[in-house]
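Undergrad: For reference, the structure I am asking about is given below.
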Amino acid sequence: MNQQQNDPALPIADRPFWDQDYSEDEGEQIQSVADSFVLLKSLKQSRDRWLFHTFPKFSSRGRGSKAADVPTPAPHTINNRGKCNLEIGPHIFHDTIFYEVQYLAPSVPSSLPAQAPPPSTNPYWQSTVPYGSPYSLNPLPSSSATSSNAPTTLTPNSRSDTVSTPLISSLTEASITPVTPSLIHQVNTAAASNPILANLLQLAAANKASEDQIKTLGLLIQSLANMDASLAASQIPSTSQPSHYSRLPPLPPLKEFDLVIEFSEAINDRWLVPRGPCYIERHPNATGSNGDMDLTICIPDGSRLPTNDPQSAAPSNNVPVTLHLKDAPFTILDTISRWVGGDEKMKSHKKYLDSLVPAPRLYLGLQVSTGPLLTQLQAACSPPYVMRPLRQGPAPVRQKRANPSRRGERSGQNRPGDHAADGPAAKKSRVSQSKSSSATPIQCLSCKQTDVPLIMGGSELFTLILSKRFNQVLGFCRPCAAAGGNSQQAQTIPA
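Pasting the structure below:
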């Protein structure tokens, strides 16, 4: 993975708590364990190494047009034995699938030719590969085909007329072999798979064959007559070339079966548990058939954390690692037990693993000071995209806006200092005022006639405007105005 090459080098040393040895001036710049991100980054690096860089890759599934980056394994069969949780150090890999891979022997025939067959004595017939549909004009003989008058096949009835049939007469002259039904069947079968024989039969039937072609056809038919009937029916046209075969013993299995695992976090890759010194310790579960198992294997110590000092890295060697299988089904336990071997083998492996000298331990500096390393760690541990919870909280409920008229009525009823009688009285006065204003008729001041235009010493529009302004009838109809009503009522106009 390219990300592993860009990871910052974590601070390590050969003694614990070395990162806490700092002066008072340096202590102001030292960050806490949570703010330093060293522990978080080390756990991420360790988990990625267990997922992608510790076990040998067995197979990989191609992504799109990109081909798999691992060679194709040997022919095998793979069986899913179950899944369980796998614990390695501080990491828990949930639902890890275990597979049993059985390798197949290479596909070889059970018998091989002991010696090469002798070459054919006929210079006109050297083909030993059967031909297919391009020569479908010469089908295999049948009850209907033998009774037809096809020129490329021989029929039993043609024996009785050896003089009139040019094909049989030519064959009789070229060969002293008698024509029998079995020979006719062999010739028809051979002609269906050999174009040279079919061509010679067609030329002889059409009386167009030369003397050399007639002789060649006679030699071919004579060779077919000398062959055994059983061999001629099973292997034509190479029946004149007997083969000698020798039986070989069956091959042993290619190698022992392997144990393959698949992590749920990397479903496109399958990893091979390396063979070597290993042993198991079973912890049966009293509640059911499932149980726990500790599998101790030996892996190369090439997954150390990167250091600032290249000379502090220990040389690569094999170290024992214990894999804890939690609540594993019986199929997984049985497969691992057969993969490890018997008790004697496990005892010798355990003795060897106990004798290994562990490499010197290195300790992380969990607290770092402000600087470029802290900036790199913060950038490496920050999520590449904005994190949002999958299940968000309930959305805030918007309150409905109250009706202003109802709120005014409600507030007016509950206003302190108001009397209960004031509200109805005010309503009645407003209703009576509106009724009185709307009920005032527009009529002449003199004759009280309604629905007539009113004037008062001016235009009708001016009279109407004054009437609306003062809420009174201030005009006269035309007859009253002409009779002098305008001068009589002039004093009623308000100032």
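So the sequence shown is residues 1 to 495, counted in full-length UniProt numbering. Note that CB positions come from ideal geometry on N, CA and C, so glycine has one too.
1) Is the CB-CB distance between residue 297 and residue 319 below 8 Å?
2) Mind reading off the beta-carbon distance from residue 272 to residue 293? Whole number of angstroms is fine, and I expect it under 8 Å.
3) Got a sec: is the Cβ-Cβ distance from residue 352 to anything in chain B below 8 Å?
4) Taking C-beta to C-beta, are residue 377 and residue 12 nearer than 8 Å?
5) Within its chain, find whatever has a CB closer than 7 Å to the CB of residue 160; leave out the 5 residues flanking it on each side and keep chain order.
6) Would you be able to state if there are at least three C-beta pairs under 8 Å between the region 180 to 191 and the region 204 to 212?
7) Tell me, please, which residues DSSP counts as bridged to residue 282.
8) How would you write the range of the alpha helix (DSSP H) that residue 223 sits in, first residue to last?
9) Which whole-angstrom value describes the C-beta separation of residue 94 and residue 264, a residue pair presumed to lie in contact below a C-beta threshold of 8 Å?
10) As a quick exercise: from 288, 75, 351, 403, pick the residue whose alpha carbon is nearest that of residue 330.
11) Is it right to say residue 34 is buried, meaning 16 or more other beta carbons lie within 10 angstroms of its own, or is it exposed?
12) Assuming residue 333 contacts residue 295 (C-beta within less than 8 Å), just tell me the rounded distance between them.
13) Residue 360 to residue 14, Cα distance in whole Å?
14) Does the Cβ of residue 96 lie closer than 7 Å to at least one heavy atom of the ligand HEM?
15) Which residues does DSSP list as the beta-bridge partners of residue 259?
16) Opposite residue 328 in the DSSP bridges: which residues?
17) Along the beta strand (DSSP E) that carries residue 269, what are the first and last residues, could you check?
18) If you run the structure through DSSP and keep just helix, strand and coil, what is residue 443?
19) List the whole-angstrom C-beta distance separating residue 75 from residue 103, where the pair is believed to meet the contact cut-off of C-beta under 8 Å.
20) Apart from the five residues just before and just after residue 452, which ones in its own chain have a Cβ nearer than 6 Å to its Cβ?
21) Quick one: grab the DSSP three-state call for residue 69.
22) Would you mind giving the Cβ-Cβ distance between residue 36 and residue 270, rounded to the nearest angstrom? I have them listed as a contact below 8 Å.
23) Can you tell me whether DSSP reads residue 87 as helix, strand or coil?
24) Whose C-alpha, out of 31, 21, 41, is nearest the C-alpha of residue 381?
25) Flag this pair as yes or no: are the beta carbons of residue 336 and residue 259 separated by less than 8 Å?
26) Thinking C-beta only, is residue 51 closer than 8 Å to residue 90?
27) For residue 57, write down the residues that DSSP places opposite it in a beta bridge.
28) Going by DSSP, name the residue or residues bridged to residue 13.
29) Rounded to a whole number of angstroms, what is the C-alpha to C-alpha distance between residue 262 and residue 283?
30) Report yes if the CB atom of residue 365 is closer than 8 Å to the CB atom of residue 328, and no otherwise.
31) Run through DSSP, which three-state label would residue 452 get?
32) Going by beta carbon distance, what residues of the same chain come within less than 6 Å of residue 350, once the five residues before and after it are set aside?
33) Out of 83, 343, 352, which has the shortest C-alpha to C-alpha gap to residue 281?
34) Specify the secondary structure class of residue 52 as computed by DSSP and reduced to three states.
35) Residue 277 to residue 341, Cα distance in whole Å?
TA: Looking at the coordinates:
1) As a position in the sequence shown, residue 297 is number 297, starting the count at 1. As a position in the sequence shown, residue 319 is number 319, starting the count at 1. The answer is no: Cβ separation not under 8 Å.
2) In the sequence shown, the residue the question calls residue 272 occupies position 272. In the sequence shown, the residue the question calls residue 293 occupies position 293. Between residue 272 and residue 293 the beta-carbon gap is near 19 Å, outside 8 Å, which marks them as no contact.
3) Protein chains in the displayed structure number just one, and chain B is not present.
4) Taking the first residue of the sequence shown as position 1, residue 377 is located at position 377. Taking the first residue of the sequence shown as position 1, residue 12 is located at position 12. Contact flag unset, no.
5) Taking the first residue of the sequence shown as position 1, residue 160 is located at position 160. For residue 160, the predicted structure reports a pLDDT of 38, less than 50, and the residue's modelled location is therefore unreliable. A value from the coordinates is still provided. Apart from sequence neighbours up to five positions away, no residue of its chain approaches residue 160 with a beta-carbon distance below 7 Å.
6) No, the region 204 to 212 is not in contact with the region 180 to 191.
7) Within the sequence shown, numbered from 1, the residue matching residue 282 stands at position 282. In DSSP, residue 282 forms a bridge with 293.
8) Here residue 223 corresponds to residue number 223 of the sequence shown, with the count starting at 1. Its alpha helix (DSSP H) spans residues 211 to 226.
9) Numbered from its first residue, the sequence shown carries residue 94 at position 94. Numbered from its first residue, the sequence shown carries residue 264 at position 264. 6 Å between Cβ atoms; contact.
10) As a working note, residue 330 is residue 330 in the sequence shown. Ranking 288, 75, 351, 403 by Cα distance to residue 330 puts 288 first.
11) Residue numbering aside, residue 34 sits at position 34 when the sequence shown is read from its first letter. So residue 34 counts as exposed.
12) Taking the sequence shown and counting its residues from 1, the one referred to as residue 333 is at position 333. Taking the sequence shown and counting its residues from 1, the one referred to as residue 295 is at position 295. Cβ-Cβ separation between residue 333 and residue 295: approximately 10 Å, too far for a contact (criterion under 8 Å).
13) In the sequence shown, the residue the question calls residue 360 occupies position 360. In the sequence shown, the residue the question calls residue 14 occupies position 14. Annotation: residue 360 to residue 14 spans about 8 Å, alpha carbon to alpha carbon.
14) With respect to the ligand HEM, the structure shown offers nothing to examine, as it has no ligands at all.
15) Mapped onto the sequence shown, residue 259 falls at position 259. DSSP lists 100 as partners of residue 259.
16) Locating residue 328 in the sequence shown gives position 328, where the first residue counts as 1. Looking at the DSSP assignment, residue 328 forms a beta bridge with 291.
17) In the sequence shown, the residue the question calls residue 269 occupies position 269. For residue 269, the enclosing beta strand (DSSP E) stretches over residues 269 to 272.
18) Position 443 of the sequence shown, counted from the start, is the residue given in the question as residue 443. Strand.
19) As a position in the sequence shown, residue 75 is number 75, starting the count at 1. As a position in the sequence shown, residue 103 is number 103, starting the count at 1. For a cut-off of 8 Å, the C-beta gap from residue 75 to residue 103 is around 7 Å, short enough to register as a contact.
20) Residue 452 sits at position 452 when you count from the first residue of the sequence shown. Excluding its 5 nearest sequence neighbours in each direction, residue 452 has C-beta neighbours in its own chain below 6 Å: 477, listed in chain order.
21) Here residue 69 is taken as the residue at index 69 of the sequence shown, counted from 1. DSSP places residue 69 in coil when its eight states are reduced to three.
22) For the purposes of this step, residue 36 is identified with residue 36 of the sequence shown, where counting begins at 1. For the purposes of this step, residue 270 is identified with residue 270 of the sequence shown, where counting begins at 1. The beta carbons of residue 36 and residue 270 sit about 37 Å from each other, so the pair does not count as a contact at 8 Å.
23) Indexing the sequence shown from 1 puts residue 87 at position 87. Note: residue 87 maps to strand in three-state DSSP.
24) Taking the first residue of the sequence shown as 1, we reach residue 381 at position 381. When C-alpha distances from residue 381 are compared across 31, 21, 41, the shortest belongs to 41.
25) As a first step, residue 336 is located in the sequence shown; it is residue number 336 there, counting from the start. As a first step, residue 259 is located in the sequence shown; it is residue number 259 there, counting from the start. The answer is yes: Cβ separation under 8 Å.
26) The count along the sequence shown starts at 1 and reaches residue 90 at position 90. The count along the sequence shown starts at 1 and reaches residue 51 at position 51. Contact annotation: residue 90 and residue 51 have beta-carbon atoms that are not nearer than 8 Å.
27) Locating residue 57 in the sequence shown gives position 57, where the first residue counts as 1. DSSP lists 271 as partners of residue 57.
28) In the sequence shown, the residue the question calls residue 13 occupies position 13. Bridge partners of residue 13 according to DSSP: 363.
29) Looking up residue 262 in the sequence shown gives position 262. Looking up residue 283 in the sequence shown gives position 283. In this model, residue 262 and residue 283 are separated by some 23 Å (Cα to Cα).
30) Translated into the one-based positions of the sequence shown, residue 365 becomes position 365. Translated into the one-based positions of the sequence shown, residue 328 becomes position 328. Taking a C-beta distance under 8 Å as the contact criterion, residue 365 and residue 328 do not qualify as a contact pair.
31) Stepping through the sequence shown from its first residue, residue 452 is reached at position 452. If DSSP states are grouped into helix, strand and coil, residue 452 belongs with coil.
32) Looking up residue 350 in the sequence shown gives position 350. Apart from sequence neighbours up to five positions away, the residues of its chain that approach residue 350 with a beta-carbon distance below 6 Å are 279, ordered along the chain.
33) Counted from its first residue, the sequence shown places residue 281 at position 281. The shortest Cα separation from residue 281 among 83, 343, 352 belongs to 343.
34) On the sequence shown, residue 52 is found 52 positions in, with the first residue counted as 1. Looking at residue 52 - three-state DSSP - the assignment turns out to be helix.
35) Taking the first residue of the sequence shown as 1, we reach residue 277 at position 277. Taking the first residue of the sequence shown as 1, we reach residue 341 at position 341. The alpha-carbon atoms of residue 277 and residue 341 are separated by roughly 10 Å.
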